[in-house]
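J.: Dumping the structure here so I can ask a few things about it.
Protein chains: 2
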Amino acid sequence: MSHLTPAARDAIEASDVVIGYRTYLDLIPELLEGREVISSQMMKEVDRSRQALDLAAAGRTVSLVSGGDPGIYAMAGLVFEMARESGEDLSFDIKVIPGIAALNACAARLGAPLMHDFAAISLSDLLTPWEVIERRLEAAAMADFVIVLYNPRSKKRTEQIVRAREIIMAHRSPETPVGIVTAATRENEEITLTSLGEMLSGEIGMQSCVVIGNSNTVRWHDFMVTPRGYRDKYTL
Amino acid sequence: MSHLTPAARDAIEASDVVIGYRTYLDLIPELLEGREVISSQMMKEVDRSRQALDLAAAGRTVSLVSGGDPGIYAMAGLVFEMARESGEDLSFDIKVIPGIAALNACAARLGAPLMHDFAAISLSDLLTPWEVIERRLEAAAMADFVIVLYNPRSKKRTEQIVRAREIIMAHRSPETPVGIVTAATRENEEITLTSLGEMLSGEIGMQSCVVIGNSNTVRWHDFMVTPRGYRDKYTL
Chain Z
7 MSHLTPAARD AIEASDVVIG YRTYLDLIPE LLEGREVISS QMMKEVDRSR QALDLAAAGR
67 TVSLVSGGDP GIYAMAGLVF EMARESGEDL SFDIKVIPGI AALNACAARL GAPLMHDFAA
127 ISLSDLLTPW EVIERRLEAA AMADFVIVLY NPRSKKRTEQ IVRAREIIMA HRSPETPVGI
187 VTAATRENEE ITLTSLGEML SGEIGMQSCV VIGNSNTVRW HDFMVTPRGY RDKYTL
Chain C
7 MSHLTPAARD AIEASDVVIG YRTYLDLIPE LLEGREVISS QMMKEVDRSR QALDLAAAGR
67 TVSLVSGGDP GIYAMAGLVF EMARESGEDL SFDIKVIPGI AALNACAARL GAPLMHDFAA
127 ISLSDLLTPW EVIERRLEAA AMADFVIVLY NPRSKKRTEQ IVRAREIIMA HRSPETPVGI
187 VTAATRENEE ITLTSLGEML SGEIGMQSCV VIGNSNTVRW HDFMVTPRGY RDKYTL
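Have a look at this one:
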């Protein structure tokens with residue numbers, strides 16, 4: 007839990023109830039003592055948010071725990087969507103505590119790939135039409151953004167990453183550095199430095215984030231670095 | 007310092023020397039005790055990185071402190087650029103500790119604007135040609151990314167934000183929600199919720215981040231929320 011901020015810790019310690027996916031709650035046993043704990047398995051996000059909102063409406067102080075940053079492709083949005091959908095007046099306060107998102111953690115592990123403009127794109131088409139995702143891949147590739155791919159592949163979704171690479175390859179060299187980070191900051195963390203041409207031979211799964219360099223990104227030792235352009239301005 | 011992670015704290019505590027911009031070091035006096043401290047004023051990034059690298063090469067353990075996340079438009083890249091430029095073999099280890107970047111903090115303060123694909127774009131044309139920035143603004147606007155603008159305006163650069171809004175307005179309604187967060191998580195933090203049409207009347211400065219919603223982003227109470235699409239899939 008070396009990336010849990012004091013602000014997040016304080017929020018949990020100020021709560022009566024802590025709700026979260028079991029795997030995350032298991033990481034913070036000392037923060038759960040003396041509190042009501044509602045843990046659940048994967049894929050129950052809607053239930054978890056509903057419970058958090060109901061308990062808050064009943065006057066309890068509730069922490070809904072999310073992995074990474076709750077504000078980046080995570081639980082914060084669902085809570086607001088559901089609260090809004092209920093149509094009732096908001097009788098309690100909702101606060102989002104920022105966290106280290108996968109993109110922050112993966113970038114750090116890879117060196118410094120996000121030194122210039124970047125686009126985060128989720129390849130999951132469960133909630134987003136694939137045409138919209140393709141359009142974003144195309145736009146990001148064309149305009150030379152560093153690209154961070156979330157949800158690149160699962161057991162059932164295996165073709166999206168193949169197609170994404172194809173779209174990006176139309177605009178970028180096969181030598182473009184690519185970093186794959188799986189389970190960043192967790193015990194089973196794995197880091198692979200590869201290239202756009204070779205990336206599909208790397209292990210990419212549900213817990214992976216794939217970072218594709220822009221046209222200036224270089225590989226240097228075991229690092230992936232996107233220069234900002236200081237070299238042209240200063241003598242380094 | 008409620009957003010300084012234990013990992014960052016540990017890294018500083020394991021160092022012989024701490025180097026950083028004075029304003030940031032002033033926030034962590036208790037971590038500086040008993041260590042050599044090299045603080046400097048704004049705009050000395052190149053000097054700071056050079057010192058950090060020289061001291062590390064001499065065998066010292068050095069922390070180079072950055073605000074936000076050193077890996078997002080910040081110091082990490084410069085360190086790697088300079089180390090690489092020196093042409094020498096790397097005789098020491100370089101580790102990047104991820105942090106809460108402006109985009110994480112600003113998103114949290116605004117509600118949940120980054121629940122869907124987003125692009126981070128810096129409007130500073132000091133190190134990047136303006137044509138490249140315009141092309142990215144155009145691509146991000148066209149493909150309906152949520153857009154996070156870094157370095158939106160300074161005393162000298164006042165026209166970039168005007169032009170950026172114009173480009174985005176060609177693809178998005180003037181009612182699109184926009185959030186402006188200045189000095190996120192600092193004492194002088196300011197949050198403004200406005201719209202693409204009205205955003206230029208808000209206070210935008212050097213320390214601001216501007217978040218422009220996608221075509222689905224809504225304003226709800228004092229929050230800016232980008233729905234993920236759960237509504238279409240589940241009964242909320």
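Taken in order, these protein sequences are the chains called Z and C.
Just so we're aligned, residue 7 is where the first sequence starts under the working numbering, counting upward by one.
Just so we're aligned, residue 7 is where the second sequence starts under the working numbering, counting upward by one.
Glycine residues also receive a C-beta, built at the ideal position from the N, C-alpha and C atoms.
Given the structure is predicted, the values throughout are model-derived calculations rather than measurements.
#1: Relative to the C-alpha of methionine 148(C), which residue among Pro158(C), Leu133(C), Ser160(C), Glu172(C) is closest?
#2: Confirm, please, whether the CB-CB distance from isoleucine 44(C) to arginine 54(C) is below 9 Å.
#3: Counting only beta-carbon separations shorter than 9 Å, does asparagine 194(Z) have a partner in chain C?
#4: Between which two residues does the beta strand (DSSP E) carrying alanine 125(C) extend?
#5: Determine the DSSP secondary structure at methionine 230(C), reduced to helix, strand or coil.
#6: Counting only beta-carbon atoms, is phenylalanine 86(Z) nearer than 9 Å to chain C?
#7: Expressed to the nearest angstrom, what Euclidean distance is found between the alpha-carbon atoms of cysteine 112(C) and alanine 111(Z)?
#8: Who are the near neighbours of isoleucine 210(Z) in its chain, counting only those whose CB is closer than 7 Å to its CB and skipping five residues on each side?
#9: Three-state secondary structure (DSSP) at leucine 155(C)?
#10: Quick check on this structure: which residue in Arg178(C), Glu94(C), Phe98(C), Leu133(C) has the alpha carbon closest to the alpha carbon of alanine 64(C)?
#11: Taking C-beta to C-beta, are valine 52(Z) and valine 23(Z) nearer than 9 Å?
#12: Please tell me whether threonine 11(Z) has its Cβ less than 9 Å away from any Cβ of chain C.
#13: May I ask you to list the residues that DSSP assigns as paired with alanine 118(Z)?
#14: Can you list, in chain order, the residues of the segment 105-116 of chain C whose Cβ is nearer than 9 Å to any Cβ on chain Z?
#15: When you compare only the Cα positions, how much space is there between tryptophan 136(C) and serine 21(Z)?
#16: Taking the alpha-carbon positions, what's the lysine 162(C) to aspartate 75(Z) distance?
#17: Among the candidates Arg41(C), Tyr79(C), Thr223(C), Val85(C), whose CA atom is the shortest distance from the CA of aspartate 60(C)?
#18: For chain Z, is any of its Cβ atoms less than 9 Å away from the one on serine 128(C)?
#19: Among Val152(C), Pro183(C), Ser179(C), Ser207(C), whose alpha-carbon lies nearest the alpha-carbon of threonine 164(C)?
#20: Flag this pair as yes or no: are the beta carbons of isoleucine 197(Z) and leucine 109(Z) separated by less than 9 Å?
#21: Check whether the Cβ atoms of methionine 212(Z) and threonine 223(Z) sit closer than 9 Å, and answer yes or no.
#22: Expressed to the nearest angstrom, what Euclidean distance is found between the alpha-carbon atoms of alanine 62(C) and tyrosine 79(C)?
#23: Taking the alpha carbon of leucine 120(C) as the reference point, which residue from Leu33(C), Ala14(C), Asn220(C) has its own alpha carbon closest?
#24: Please check if any C-beta of chain C sits within less than 9 Å of the C-beta of methionine 121(Z).
#25: Just the chain Z side, please: which residues come within less than 8 Å of valine 217(C) by C-beta, in chain order?
#26: Can you pull the DSSP bridge partners for proline 12(C)?
#27: Alpha carbon to alpha carbon, what distance is there between glycine 40(Z) and threonine 2(C)?
#28: For glutamate 42(Z), report the span of its beta strand (DSSP E) as first-last.
#29: With respect to the beta strand (DSSP E) encompassing glycine 185(Z), which residues constitute its N-terminal and C-terminal limits?
#30: Look up glycine 26(Z) in the DSSP assignment and say whether it is helix, strand or coil.
#31: Considering only the alpha carbon of each residue, which of Ala13(C), Arg169(C), Arg234(C) lies closest to threonine 191(Z)?
#32: Please list, in chain order, the chain Z residues whose beta carbon lies closer than 7 Å to that of glycine 73(C).
#33: For the alpha helix (DSSP H) containing leucine 38(Z), name the first residue and the last one.
#34: Apart from the five residues on each side of it in sequence, which residues of its chain come closer than 6 Å, Cβ to Cβ, to alanine 125(C)?
#35: Please confirm whether arginine 178(C) and isoleucine 218(C) have their CB atoms less than 9 Å apart.
#36: By alpha-carbon positions, which one of Leu70(Z), Ala170(Z), Leu155(Z), Pro104(Z) ends up nearest to histidine 9(Z)?
T.: For this structure:
#1: Nearest C-alpha to methionine 148(C): Glu172(C).
#2: The Cβ atoms of arginine 54(C) and isoleucine 44(C) sit closer than 9 Å to each other.
#3: Asparagine 194(Z) is outside the set of residues whose beta carbon lies under 9 Å from a beta carbon in chain C.
#4: Alanine 125(C) -> beta strand (DSSP E) spans 124-128.
#5: Annotated three-state conformation of methionine 230(C) is strand, per DSSP.
#6: Judged by the 9 Å Cβ criterion, phenylalanine 86(Z) is in contact with chain C.
#7: Pairing cysteine 112(C) with alanine 111(Z), the inter-Cα distance amounts to about 18 Å.
#8: Excluding five sequence positions before and after isoleucine 210(Z), the CB atoms of its chain that fall closer than 7 Å to its own CB belong to Pro158, Arg159, Ile167, Ile186, Val216, given in chain order.
#9: Secondary structure at leucine 155(C): strand, using DSSP grouped into helix, strand and coil.
#10: Measuring from the Cα of alanine 64(C), the nearest candidate turns out to be Phe98(C).
#11: Their beta carbons are not under 9 Å apart, which means valine 52(Z) does not touch valine 23(Z) by this criterion.
#12: True, the Cβ-Cβ gap to chain C drops below 9 Å.
#13: Paired residue(s): Val231(Z).
#14: Against chain Z - using a Cβ distance shorter than 9 Å - the residues of the segment 105-116 of chain C are Gly105, Ile106, Ala107, Leu109, Asn110, Ala111, Cys112, Ala113, Ala114, Arg115, Leu116.
#15: Distance between the alpha carbons of tryptophan 136(C) and serine 21(Z): 48 Å.
#16: Looking at the two C-alpha atoms, the distance is approximately 34 Å.
#17: With distances taken between Cα atoms, aspartate 60(C) lies closest to Val85(C).
#18: The Cβ of serine 128(C) sits closer than 9 Å to at least one Cβ of chain Z.
#19: Sorting Val152(C), Pro183(C), Ser179(C), Ser207(C) by C-alpha distance to the C-alpha of threonine 164(C) places Ser207(C) at the top.
#20: One thing to note: isoleucine 197(Z) has its Cβ no nearer than 9 Å to the Cβ of leucine 109(Z).
#21: Judged by beta-carbon spacing, threonine 223(Z) lies beyond the 9 Å limit of methionine 212(Z), meaning their Cβ atoms are not closer than that value.
#22: Straight-line Cα distance between these residues: approximately 23 Å.
#23: Selected option, being the one with the closest Cα: Asn220(C).
#24: Answer yes: the Cβ-Cβ gap between methionine 121(Z) and chain C drops below 9 Å somewhere.
#25: Result: empty, since nearest Cβ-Cβ is about 11 Å, beyond 8 Å.
#26: Its beta-bridge partners do not exist; DSSP assigns none.
#27: What the structure shows of chain C is the stretch from 7 to 242, and residue 2(C) is not part of that stretch, so it cannot be assessed.
#28: Per DSSP, the unbroken beta strand (DSSP E) holding glutamate 42(Z) starts and ends at 42-46.
#29: Run containing glycine 185(Z): 183-188, per the beta strand (DSSP E) assignment.
#30: In the structure shown, glycine 26(Z) adopts extended strand secondary structure according to DSSP, grouped into three states.
#31: The residue among Ala13(C), Arg169(C), Arg234(C) with its C-alpha nearest the C-alpha of threonine 191(Z) is Ala13(C).
#32: Proximity of chain Z to glycine 73(C) at the Cβ level (cut-off 7 Å) is not reached, the minimal Cβ distance being about 14 Å.
#33: First-last of the alpha helix (DSSP H) with leucine 38(Z): 35-38.
#34: Counting only Cβ-Cβ distances below 6 Å, and skipping sequence neighbours, we find Ala146, Phe151, Ile153.
#35: Going by beta carbons, arginine 178(C) and isoleucine 218(C) fall inside the 9 Å limit.
#36: It is Pro104(Z) whose Cα lies nearest to the Cα of histidine 9(Z).
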